[in-house]
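If you read the protein sequences in the order shown, they are chains F and P.
Going by the UniProt record's numbering, 65 is the number at position 65 of the first sequence; the sequence numbering is gapless.
Going by the UniProt record's numbering, 259 is the number at position 259 of the second sequence; the sequence numbering is gapless.
Built from N, CA and C at the ideal position, the CB exists for glycine as well.
Note that this is a predicted model, so its numbers are computed, not measured.
A short write-up of the structure that comes next.
There are 2 protein chains.
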Amino acid sequence: MADATAHGTGAEGPGTEGSGASPAPEGLSRRGLLGLFGAGAAGAVVGAAGGAGVAMAATGALGGAEASAAAYDFHGVHQAGITTPAQDRLHFAAFDVSDTLDRTGLVELLTDWTDAAARLTQGLEVEDGGAVGGSDVAPPADTGEALGLPAAGLTITFGFGPTLFTDAAGVDRFGLAARRPPALEALPRFQGDALKPEWTGGDLCVQACADDPQVAVHAIRNLSRIAFGRASLRWSQLGFGRTSSTSTAQSTPRNLFGFKDGTANVKAEEREALAEHVWVDDGDEPAWLAGGSYLVARKIRMVIESWDRVQLGEQERLVGRTKGEGAPLSGGTESTAPDFEAEGATGAPLIPTDAHVRLAHASANGGVRMLRRGYNFVDGNDELGRLDAGLFFLSFQRSPEQFVTVQRSLAADALNEYLKHVGSAIFAVPGGIRPGEHVGQALFT
Amino acid sequence: MADATAHGTGAEGPGTEGSGASPAPEGLSRRGLLGLFGAGAAGAVVGAAGGAGVAMAATGALGGAEASAAAYDFHGVHQAGITTPAQDRLHFAAFDVSDTLDRTGLVELLTDWTDAAARLTQGLEVEDGGAVGGSDVAPPADTGEALGLPAAGLTITFGFGPTLFTDAAGVDRFGLAARRPPALEALPRFQGDALKPEWTGGDLCVQACADDPQVAVHAIRNLSRIAFGRASLRWSQLGFGRTSSTSTAQSTPRNLFGFKDGTANVKAEEREALAEHVWVDDGDEPAWLAGGSYLVARKIRMVIESWDRVQLGEQERLVGRTKGEGAPLSGGTESTAPDFEAEGATGAPLIPTDAHVRLAHASANGGVRMLRRGYNFVDGNDELGRLDAGLFFLSFQRSPEQFVTVQRSLAADALNEYLKHVGSAIFAVPGGIRPGEHVGQALFT
Numbered sequence: 001m002a003d004a005t006a007h008g009t010g011a012e013g014p015g016t017e018g019s020g021a022s023p024a025p026e027g028l029s030r031r032g033l034l035g036l037f038g039a040g041a042a043g044a045v046v047g048a049a050g051g052a053g054v055a056m057a058a059t060g061a062l063g064g065a066e067a068s069a070a071a072y073d074f075h076g077v078h079q080a081g082i083t084t085p086a087q088d089r090l091h092f093a094a095f096d097v098s099d100t101l102d103r104t105g106l107v108e109l110l111t112d113w114t115d116a117a118a119r120l121t122q123g124l125e126v127e128d129g130g131a132v133g134g135s136d137v138a139p140p141a142d143t144g145e146a147l148g149l150p151a152a153g154l155t156i157t158f159g160f161g162p163t164l165f166t167d168a169a170g171v172d173r174f175g176l177a178a179r180r181p182p183a184l185e186a187l188p189r190f191q192g193d194a195l196k197p198e199w200t201g202g203d204l205c206v207q208a209c210a211d212d213p214q215v216a217v218h219a220i221r222n223l224s225r226i227a228f229g230r231a232s233l234r235w236s237q238l239g240f241g242r243t244s245s246t247s248t249a250q251s252t253p254r255n256l257f258g259f260k261d262g263t264a265n266v267k268a269e270e271r272e273a274l275a276e277h278v279w280v281d282d283g284d285e286p287a288w289l290a291g292g293s294y295l296v297a298r299k300i301r302m303v304i305e306s307w308d309r310v311q312l313g314e315q316e317r318l319v320g321r322t323k324g325e326g327a328p329l330s331g332g333t334e335s336t337a338p339d340f341e342a343e344g345a346t347g348a349p350l351i352p353t354d355a356h357v358r359l360a361h362a363s364a365n366g367g368v369r370m371l372r373r374g375y376n377f378v379d380g381n382d383e384l385g386r387l388d389a390g391l392f393f394l395s396f397q398r399s400p401e402q403f404v405t406v407q408r409s410l411a412a413d414a415l416n417e418y419l420k421h422v423g424s425a426i427f428a429v430p431g432g433i434r435p436g437e438h439v440g441q442a443l444f445t
Numbered sequence: 001m002a003d004a005t006a007h008g009t010g011a012e013g014p015g016t017e018g019s020g021a022s023p024a025p026e027g028l029s030r031r032g033l034l035g036l037f038g039a040g041a042a043g044a045v046v047g048a049a050g051g052a053g054v055a056m057a058a059t060g061a062l063g064g065a066e067a068s069a070a071a072y073d074f075h076g077v078h079q080a081g082i083t084t085p086a087q088d089r090l091h092f093a094a095f096d097v098s099d100t101l102d103r104t105g106l107v108e109l110l111t112d113w114t115d116a117a118a119r120l121t122q123g124l125e126v127e128d129g130g131a132v133g134g135s136d137v138a139p140p141a142d143t144g145e146a147l148g149l150p151a152a153g154l155t156i157t158f159g160f161g162p163t164l165f166t167d168a169a170g171v172d173r174f175g176l177a178a179r180r181p182p183a184l185e186a187l188p189r190f191q192g193d194a195l196k197p198e199w200t201g202g203d204l205c206v207q208a209c210a211d212d213p214q215v216a217v218h219a220i221r222n223l224s225r226i227a228f229g230r231a232s233l234r235w236s237q238l239g240f241g242r243t244s245s246t247s248t249a250q251s252t253p254r255n256l257f258g259f260k261d262g263t264a265n266v267k268a269e270e271r272e273a274l275a276e277h278v279w280v281d282d283g284d285e286p287a288w289l290a291g292g293s294y295l296v297a298r299k300i301r302m303v304i305e306s307w308d309r310v311q312l313g314e315q316e317r318l319v320g321r322t323k324g325e326g327a328p329l330s331g332g333t334e335s336t337a338p339d340f341e342a343e344g345a346t347g348a349p350l351i352p353t354d355a356h357v358r359l360a361h362a363s364a365n366g367g368v369r370m371l372r373r374g375y376n377f378v379d380g381n382d383e384l385g386r387l388d389a390g391l392f393f394l395s396f397q398r399s400p401e402q403f404v405t406v407q408r409s410l411a412a413d414a415l416n417e418y419l420k421h422v423g424s425a426i427f428a429v430p431g432g433i434r435p436g437e438h439v440g441q442a443l444f445t
């Protein structure tokens, strides 16, 4: 089909390993590509740039100012979407597997998902010409709303929940119970939890991050469609703004408290810290999870109307940082390490004992760190006219114990008055996928 | 405060009339601006470019690939956000005015909103240094999550609902009943309506459109906060992807049916069509609405799971256009006018009699056209695992009768099987605001 350009052809990007990405070549303007598209030219504009590991998708027709042509490799040592520089938008989905599915069916589903994700992340359709394909009896293979859009930095990251191994009734549906990571179990109840079942748990998860939300939504929609009759959406969440940086090249964004967040995040450039805190090691148990990680998702509603009535000094004491610069209250700039011993004139600590930054800091948690990848969300408003807004917290860690340690420390967090945890889930995120394999293949062999 | 750069200083853009906008100057890269910001340089980078009516805000710290530095003038003959090239993201809010508010209080609210909107649309905070201001007793004036972000093309458009003039109980709360536009009344019930009260109606509305959702959310949040005790959110909606173009310079986006939408939209460049179909004329009643328009909002859920099972030819017959190119089934390209008389070999019309494009077309509706400005939305999923997704339809027209005419024509629309209208509202949108005035000032004088 001549009119299915960017998300439309079978041309594969040249890179199939590593985790590089590239913007559109500077010599090719979007308008130039629009012209190509408008003329009905067939075939994506795909070119190699700058060496191995770099894939580049075509820039397509719809892109506004935000359209990003970056395409990240789907295959590699680790799944993309963890250390990848945090994209601006999120669509996260938790799925439950149908009780009618057996082990073979589960593997087929994971294979179908893997094949589709490998294409979608390169800015391609689910199938060549999928959006304008099908037959007299078959609908189009792709839903089409991303037709003409670039890859937009899309990453798709898969995870396996505890109930995939042993369901709520204790049934080992897929013969996986013996291979469940001992640490993969529903998170303990934390003080102040107000979890709702409709935002909690899930057999499988798919995290789609992109710089264009239409591209992320297209990915979740098509994976959900591929799963029809085999797995169904349990809950899903759109996030409109990243609240963490995962690369030192990124500026620190702000959460809906108006504060910079994630300043001390583990970043892609910290290879040793990633090895220590994020990636499951070859020597860790279970072996099938090597190169993977554990993903914790928490839907945290912020009581922003109350927060907005707190005066600046108090807000800063609750957080432990200044609002403008994001510097610790012990002094310096955003990048200055907090000095938890520093005292003011009255002898009181400059960073209060119940400040968020103190209780969340590695020094208060036996050196524990995590890679955070959360997003701001707004889901409309409640019947009292309050915005249903907050933080969709996502963190990746080598062991769930890291999250549990920090979250228990945060029981004393002064910020808790303005937070309500309403959703929670945990997933084992398998390591990277090699061409020809499906996600989590080592679990089934 | 040195760290409150883009959304942080009192520097006003040079332009205060017209509706021009400009991207960042080409000589100033975002990285260069980031450098300025990182060094704690005070003051927004503001410059005049290209003549009168062009305001330009600084590019700030957080911006991802999508950050847009465009700043549209707030003041002008018409409110911005109607013919402004449709931005990529939306936060729309309907408010109810408190029963405790009197006419003076309502004018004060509109004045406060106007003052804040004039600043926010230029990439400024609600007040100079507002996010890091306040006092021992007063909280910061600005919530801060847009600190460092550019204007991102933000427009804020206000509207007045029928219940502002006469409330549901028939009470004339603000002495406005006699000045209600006769055409401003709740829309009639249409065939197939399944409206929910929580997504319907409202005394006031605020449409915030921007290329960065965090900027649009920041605007609605702060206006909601300014209204505290005077008006409260009745309902609100985020839209992640525009489904219409309002300028010939924009490409046509796709809705969640995967089809290009709004090809025949009234566009900013069609001055005569705008005068005929969109703007309330000086000679129209009431005089206070001259230069304004009527805004219709419809929350339309799409049954996408069913749609996705329809084969391509049938999808195209339902819409009346091809999916890939968006050409009418009578032939040609996207921009070709549909030929509703054209017949195929069997004598049947190439564009079926119940196709959406035929029933929505001006030729089927006595020449009626509208300016559409809708957005795709996804609000999670329902308990059956179906995405709660669809089109948040927004249209501007000179008279509500235009929408009513088309919507009645669409009663026969073959697409209705896949659509459910769950929310509805109508607002009179006052004309443009002059410096020193508040929105709708002519209504109160």
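Task: Contact list for residue 139(F) against chain P, beta-carbon separation under 9 Å - done: Near residue 139(F) (Cβ distances below 9 Å), the residues of chain P are 307, 308, 309, 310, 311, 312, 314, 315.
Task: Neighbourhood of residue 279(F) by C-beta distance below 7 Å, restricted to the same chain and skipping five residues each side - done: Excluding sequence neighbours, residue 279(F) sits near 78, 291, 293, 398.
Open item on the list: With a threshold of 7 Å between beta carbons, is residue 254(P) in contact with chain F?
Closed with: By this cut-off, residue 254(P) is an interface position.
TODO: Would you kindly check if the distance between the Cβ of residue 237(P) and the Cβ of residue 392(P) is under 7 Å?
DONE: With contacts defined by Cβ atoms closer than 7 Å, residue 392(P) and residue 237(P) form a contacting pair.
Task: Continuous beta strand (DSSP E) stretch holding residue 296(P): start and end - done: Taken as a continuous stretch (DSSP letters only), the beta strand (DSSP E) holding residue 296(P) covers 293 to 302.
TODO: Indicate the three-state DSSP secondary structure (helix, strand or coil) for residue 266(F) in the structure shown.
DONE: Reduced to three states, the DSSP call for residue 266(F) is coil.
Task: Best match in 273(P), 217(P), 424(P), 359(P) for proximity to residue 90(P) [C-alpha to C-alpha] - done: Taking only the C-alpha atoms, the option nearest residue 90(P) is 217(P).
Open item on the list: With a threshold of 7 Å between beta carbons, is residue 394(F) in contact with chain P?
Closed with: Judged by the 7 Å Cβ criterion, residue 394(F) is not in contact with chain P.
- [ ] Return the residues of the region 204 to 217 of chain F that lie within a Cβ-Cβ distance of less than 9 Å from chain P, sorted by chain order.
- [x] Those residues of the region 204 to 217 of chain F that come within reach of chain P (Cβ to Cβ, closer than 9 Å) are 211, 212, 213, 214, 216, 217.
- [ ] Can you tell me which of 354(F), 267(F), 356(F) puts its alpha carbon nearest to the alpha carbon of residue 84(F)?
- [x] Closest option to residue 84(F), Cα to Cα, is 267(F).
Open item on the list: I need the boundaries of the beta strand (DSSP E) containing residue 394(F), first residue and last residue.
Closed with: From DSSP, the beta strand (DSSP E) with residue 394(F) extends over 387 to 397.
Open item on the list: Using beta carbons (cut-off 7 Å, strictly below), is residue 381(P) in contact with chain F?
Closed with: Chain F contact via Cβ: present.
TODO: Starting from the beta carbon of residue 143(P), find every residue of chain F whose beta carbon is closer than 9 Å, and list them in chain order.
DONE: Taking the beta carbon of residue 143(P) as reference, the chain F residues within 9 Å of it are 256, 257, 258, 304, 307, 308, listed in sequence order.
TODO: Please confirm if the region 240 to 248 of chain P is in contact with the region 92 to 110 of chain P, defined as three or more CB-CB distances below 8 Å between the two stretches.
DONE: Output reads no: the region 92 to 110 of chain P does not touch the region 240 to 248 of chain P.
Task: Members of the region 78 to 92 of chain F that neighbour chain P once the beta carbon cut-off is set at 8 Å - done: Closer than 8 Å at the C-beta level to chain P, one finds these residues of the region 78 to 92 of chain F: 87, 88, 89, 91.
Open item on the list: Please tell me whether residue 131(F) has its Cβ less than 7 Å away from any Cβ of chain P.
Closed with: Yes, residue 131(F) lies at the interface with chain P (some Cβ there is under 7 Å from its Cβ).
Open item on the list: On the DSSP bridge list, what partners appear for residue 210(P)?
Closed with: Per DSSP, the beta bridge partners of residue 210(P) are 89(P).
Task: Secondary structure of residue 235(F), DSSP reduced to three states - done: Three-state DSSP puts residue 235(F) in a strand.
Task: Nearest-angstrom Cα separation, counted from residue 146(F) out to residue 413(P) - done: Cα to Cα, residue 413(P) sits roughly 25 Å from residue 146(F).
- [ ] Select from 400(P), 73(P), 149(P) the residue whose C-alpha is nearest the C-alpha of residue 297(P).
- [x] Taking the Cα of residue 297(P) as reference, the smallest distance to any Cα among 400(P), 73(P), 149(P) is reached at 400(P).
TODO: Assuming residue 156(F) and residue 81(F) form a contact by the criterion Cβ under 8 Å, report the distance between their Cβ atoms to the nearest whole angstrom.
DONE: Sure, about 7 Å apart at Cβ, within 8 Å.
Task: Between the CA atoms of residue 73(F) and residue 51(F) - distance to the nearest angstrom - done: With a pLDDT of 25 at residue 51(F), under the threshold of 50, the modelled position of this residue cannot be trusted; read the value that follows with caution. Distance between the alpha carbons of residue 51(F) and residue 73(F): 13 Å.
Open item on the list: Any C-beta of chain P within less than 8 Å: which residues of the region 356 to 378 of chain F qualify?
Closed with: From the region 356 to 378 of chain F, only 376, 378 have a Cβ closer than 8 Å to chain P.
- [ ] Residues of the region 149 to 163 of chain F with a CB closer than 8 Å to any CB of chain P: list them in chain order, please.
- [x] Correct list: 153.
- [ ] Would you identify the three-state DSSP class for residue 240(P), choosing helix, strand or coil?
- [x] Here DSSP, grouped into helix, strand and coil, assigns residue 240(P) to coil.
TODO: Count the other CB atoms, across all protein chains shown, that sit within 10 Å of the CB of residue 440(P); report buried if there are 16 or more and exposed otherwise.
DONE: With 16 or more other Cβ atoms within 10 Å, it is buried.
Task: residue 408(P) versus residue 395(P): straight-line alpha-carbon distance, rounded - done: Going by the C-alpha atoms only, they are around 15 Å apart.
Task: Per-residue contacts from residue 323(F) into chain C (C-beta, under 7 Å) - done: Protein chains F and P are contained in the structure displayed, whereas chain C is not.
Task: Within chain F, the residues that residue 233(P) reaches when beta carbons sit closer than 8 Å - done: What residue 233(P) touches in chain F: 381, 385, 386, 387.
Open item on the list: Here's a check: name, in chain order, each residue in its chain whose Cβ is nearer than 7 Å to the Cβ of residue 403(F), leaving out the five neighbours to either side.
Closed with: For residue 403(F), where only same-chain residues beyond five positions count, the Cβ hits under 7 Å are 296, 370, 395, 397.
- [ ] May I have the straight-line CA-CA distance separating residue 378(F) from residue 301(F), to the nearest angstrom?
- [x] Those two C-alpha atoms are separated by around 9 Å.
- [ ] List the residues of chain F that residue 224(P) touches, going by C-beta distances under 8 Å, in chain order.
- [x] Correct list: 385, 387.
- [ ] Please report the Cβ distance between residue 204(P) and residue 164(P), rounded to the nearest whole angstrom; I am assuming they are in contact, meaning their Cβ atoms lie under 8 Å.
- [x] The beta-carbon distance between residue 204(P) and residue 164(P), rounded to whole angstroms, is 6 Å. This is short enough to meet the 8 Å contact definition.
Open item on the list: Please list, in chain order, the chain P residues whose beta carbon lies closer than 9 Å to that of residue 221(F).
Closed with: Neighbours of residue 221(F) on chain P, chain order: 256, 304, 308, 378, 387, 389.
Task: C-beta neighbour in chain P for residue 174(F), strict 7 Å - done: Answer no: the Cβ-Cβ gap between residue 174(F) and chain P never drops below 7 Å.
Open item on the list: Suppose contacts are defined by Cβ-Cβ distances below 7 Å. Is residue 252(F) in contact with residue 260(F) by that definition?
Closed with: Contact flag set, yes.
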